[in-house]
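Residue numbering for the sequence shown follows numbering that gives the first Met the number 0, beginning at 0 and increasing consecutively.
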Amino acid sequence: MTERSSLLSLSRRRLLITTSAAAAAVLVATTGLAPAQAADSPRDGGDITFLIDSLGDTWIPNNSAISSFQGHIWGHVTDKLLYVDAEGKVSPWLAERWEQNEKATEFTLHLKSGVTFSDGSPLDAAAVVANLDIWYAGRKNEGINPIGLFPKTYDHAEAVDATTVKVFFKKPTLGFIPTLGYHGSILISPKTIAQPAAQQADLSKTSGSGPFVVDSWKEGDFVKLVKRKDYNWGPAAVGHTDPAFLDSITYKLVSEPSLRVASVQSGQADVAYNASPQELRSLKEEGFTIATPRYLGFVNGWAVNTKLPPYDDVKVRQALQAGINRQEIIDTVYTPDWKLATSFIQSNVPGATDQSPLLAYDPAKAEKLLDEAGWAKGADGTRSKDGKPLTLTLHSNPYLATSKSVDELIAQQLGKLGWKVNIRAYDVVTYGEKVKYGGPAIPTYEVTRSFIDAGTVASILTNANNGENWFALNDRDTKLNELRDKIAGAASFEERNPLLDELQKYVLNQGYFIPRTQIVQRIYVQSPTLKGEVYNGVAYASYYTAFIAD
């Protein structure tokens, strides 16, 4: 860990600085800009502060690049082979073009030449092969994990020449190309990859090829990034390929949501992450920029542990599915920016289909299913069977600021049907240690998870090829496994899309996944003087194209 520069601490006292003083500070910061330049035209210079509620517990790239928090930093200090926008459109980045064979088992990537990592080494075909290998396999004995959504069908990759990579898969893998734009698929220097985990965890020793480099950092406090002046290989899709306009970005840890927002309101910071949805309307009226981008991925919901009674009973799971009033969640906790879940996949994902009838709120149906399953209501309204109450323990997800509020509302809804609901909340680190898919005391695991290609979904739901086995089914559900294999083996989207539709129907009907709402996990409150940011397919804000305006 290094710290080469001090960072002004944010405190409650500093929030008492007057609006006029904040305005004066902005005026000083912009002195010297050419007056003839349009106010919203990109211009060089400026430093921004981004207030965030966590910086995670490790900086090992494979382990932390997919974090909702650390992904912000990785998105600025590293690049990807392909760019994926908010609509899921794939376009060139460091891979200028690509081809695949008819079976989708072999792919050829043609790389942009002249790209270098910040340690001076070339980002060439050999470097790409090293990254593909560690995304697939990790080094588990050292605590370096594989990237969870990287295709499990990967066989190997070869450097044909300095700018050409051939990638081979054991089976058809249509999702490979889009997954190269996934936020976990970051390119880091082979020198970094070769380092042991303990050294990789030192952010100052990680070398990427991105438009910013790490200037200084302090664990649990801040990360300061500065512009890389020789960068000139940004993705064409964002309309800019040269060095960033901003001089620096400082990510500062401030745990209290109201303090983050107040800091932006007073001019002490430029972006507040994860504000309360209830504040957004008034902040927008005050003139602040509000962004609630949806990412490509799963909706917010629960993966159900089918090994843990009573959720090993399909009727109990189906009752849970029917017993949640999803519209009330949006009306009570959120704003119209949020959308009803129509599947367990976000509706903007290519391949998602509308399964709304399976998610209809039907308390009478839920009561009937619980009756049929033998759960009888007692005098206090709580259901029981064989002397045991019908209970559900929810573990609020710290990666979603509104999770606990949603849990509390659902607890009321299910309580009317006879459930006794307990809610537990942990911080990010403790949650990661205690709450696991299919854990012996975890009946439901709350999902806030992105992905780029829907074809990767079926494999992680099960345990095949080191899948994550979300529902603790192992090999017990032959139909789910058959659908997984057919989806994985599809050589065209025309073949795959009907199978994805069938998968969505089946998972929801079985009550394996209980959607709550389509997810807006990343909420941004931004100073009106900061312009030009771009949101990608996983809803991360990139400030590579951003600038300070008058």
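We put the beta carbon where it would ideally sit given N, CA and C, even for glycine. These numbers were taken from a predicted model, which means no experiment stands behind them.
Collapsing the DSSP output to three states places Thr455 in a helix.
The continuous beta strand (DSSP E) containing Leu110 extends over residues Glu105 to Leu110. In the structure shown, Val348 adopts coil according to DSSP, grouped into three states. Ala487 is positioned such that its CB atom lies closer than 8 Å to that of Lys170. The residue among Gly219, Glu98, Leu245 and Lys190 with its C-alpha nearest the C-alpha of Ile133 is Lys190. Each of Val434, Asp154, Gly417 and Asp500 was checked against the Cα of Tyr425, and the nearest Cα belongs to Val434. Rounded to the nearest whole angstrom, the C-alpha separation of Gly119 and Gly45 is 26 Å. One Cα belongs to Leu393, the other to Gly380, and the distance between them is close to 20 Å.
The three-state reading of DSSP puts Arg475 in coil, since its state is none of H, G, I, E or B. Between the C-alpha atoms of Ser112 and Trp469 there is a straight-line separation of about 41 Å.
For Gly296, the pairing in a beta bridge is given by DSSP as Ser449. Put simply, the backbone Cα of Gly180 is about 24 Å away from that of Pro497. Counted as a single uninterrupted DSSP element, the alpha helix (DSSP H) harbouring Ser281 occupies residues Leu279 to Glu284.
In this chain, the alpha helix (DSSP H) harbouring Gln503 covers Phe492 to Asn508. Nearest Cα to Pro242 within the set Ala378, Val533, Asp229 and Ser346: Asp229. Straight across, the Cα-Cα distance linking Thr115 with Ser66 is about 25 Å.
When rounded, the separation of the alpha-carbon atoms in Thr77 and Pro397 is 26 Å. When the five nearest sequence neighbours on each side are left out, the beta carbons in the same chain lying within less than 7 Å of the beta carbon of Gln198 are those of Lys204, in order along the chain.
In the three-state reduction of the DSSP assignment, Lys217 falls in the strand class, which pools E and B.
Judged by DSSP in its simplified three-state form, Pro177 adopts helix. Remark: C-beta atoms of Val303 and Gly438 do not approach each other more closely than 8 Å.
Counting of Cβ neighbours within 10 angstroms places His155 among the exposed residues, the total staying below 16. Take the alpha-carbon of Asp452 and the one of Leu282: they are about 34 Å apart. In the pairwise beta carbon analysis, the region 489-503 is classified as not touching the region 514-526: fewer than three pairs are separated by under 8 Å. Distance from the CA atom of Val127 to the CA atom of Glu327, rounded to whole angstroms, is 47 Å. Collapsing the DSSP output to three states places Ile422 in a strand.
Sixteen is the threshold: since fewer than 16 other Cβ atoms of the shown chains lie within 10 Å of the Cβ of Asn421, the residue is exposed. Of the residues Leu482, Leu460, Asp484 and Asp160, the one whose Cα lies closest to the Cα of Asn473 is Leu460. The three-state reading of DSSP puts Pro439 in coil, since its state is none of H, G, I, E or B. In terms of Cβ geometry, Gln264 and Lys504 do not form a close pair [threshold 8 Å]. The beta carbons of Gly70 and Tyr542 sit no closer together than 8 Å. Between Trp418 and Leu399, the C-beta spacing is not below 8 Å.
By the Cβ criterion, the region 210-226 is not in contact with the region 83-100, since fewer than three pairs of Cβ atoms, one from each stretch, lie closer than 8 Å. When beta bridges are read from the DSSP output, Asp160 appears opposite Thr163.
Assigned with DSSP and collapsed to three states, Thr57 falls in coil, not helix or strand. Secondary structure of Val237 (DSSP, three-state): helix.
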